[in-house]
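Enquirer: Residues are numbered in this note's numbering as their position in the sequence shown, beginning at 1, plus a constant of 27.
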Amino acid sequence: MPSGAQVSPVETQPLIAVRDVRASSRWYAELLGVSGAPEHPHRDFYDRLSVSGRVVLQLHAWDEENHPNLVNRAAAPPGHGVLLWFMVADFDAAVARARRLGAEVIEDAHINRAPGQWEIWLRDPDGYVVVIAGPAGGAAEG
Numbered sequence: 028m029p030s031g032a033q034v035s036p037v038e039t040q041p042l043i044a045v046r047d048v049r050a051s052s053r054w055y056a057e058l059l060g061v062s063g064a065p066e067h068p069h070r071d072f073y074d075r076l077s078v079s080g081r082v083v084l085q086l087h088a089w090d091e092e093n094h095p096n097l098v099n100r101a102a103a104p105p106g107h108g109v110l111l112w113f114m115v116a117d118f119d120a121a122v123a124r125a126r127r128l129g130a131e132v133i134e135d136a137h138i139n140r141a142p143g144q145w146e147i148w149l150r151d152p153d154g155y156v157v158v159i160a161g162p163a164g165g166a167a168e169g
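1. Scan the region 90-140 and note each continuous alpha helix (DSSP H) run of 4 residues or more that stays entirely inside, going in chain order.
2. Can GLN40 and ARG75 be called in contact, C-beta distance under 9 Å?
3. On the DSSP bridge assignment, give the partners of VAL156 in chain order.
4. Rounded to whole angstroms, how far is the Cβ of VAL78 from the Cβ of LEU111, which I believe are closer than 8 Å?
5. Quick check on DSSP: helix, strand or coil for MET28?
6. Check this for me: beta carbons of LEU128 and LEU42, under 9 Å apart or not?
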C-alpha cells in the first residue's frame, strides 16, 4: 500500500463527469464559498475542490482518458439517483450564492424535519442534483 498523507478511516471524494471542468470548478467554488484549486496542467479535464485540506468534490471531463463510466455522456441522465449533498456552516450565505449563480432551484429553502436542518435543492450546470444543507439539528421552527 502506498504511503502518503493520513486519511480518516473513511472519506468520501465524489467525482462527477462534466462538460466544462473549468466552468464547473468555478460554479462549485462560488456555490460552496471556497477557493478554487490552483492552476495546474490538467485543469481542462480534471480538477478538485478542497476544504481544510480535504477533497470535497472532483470534476472530470467527459470522454477524456477512457475511464470507465466517464465516457458517452448521452448514455444516461446525469447522476440519476445520485444527490451531491453538501452540509455548510453558512447556509443563508450559500443560498444567496446559489441565487447569484442563477442556479435552477428544484426545492427552495425549507426545513427537512427528519434531521432538523435547512436545505435547498438545486441543479448544477450539467444537470446534477445538488443539495445544500445547514447543520443537522440546526433548524428552529419559525
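Glycine included, each C-beta is placed from N, C-alpha and C at the ideal position.
Expert: According to the structure data:
1. 118-128
2. For the purposes of this step, residue 40 is taken as the residue at position 13 of the sequence shown. For the purposes of this step, residue 75 is taken as the residue at position 48 of the sequence shown. In this structure, ARG75 lies closer than 9 Å to GLN40 by Cβ.
3. Position 129 of the sequence shown, counting from 1, holds the residue named residue 156. LEU110 and ARG150, per the DSSP bridge assignment.
4. Against the sequence shown, residue 78 aligns to sequence position 51. Against the sequence shown, residue 111 aligns to sequence position 84. The pair is not a contact, with the Cβ atoms about 14 Å apart (cut-off 8 Å).
5. Within the sequence shown, residue 28 is the residue found at index 1, counting from 1. Note that MET28 has pLDDT 44, beneath the 50 cutoff, so the model's placement of it is unreliable and no number is given.
6. Working through the sequence shown from its first residue, we reach residue 128 at position 101. Working through the sequence shown from its first residue, we reach residue 42 at position 15. The answer is no: Cβ separation not under 9 Å.
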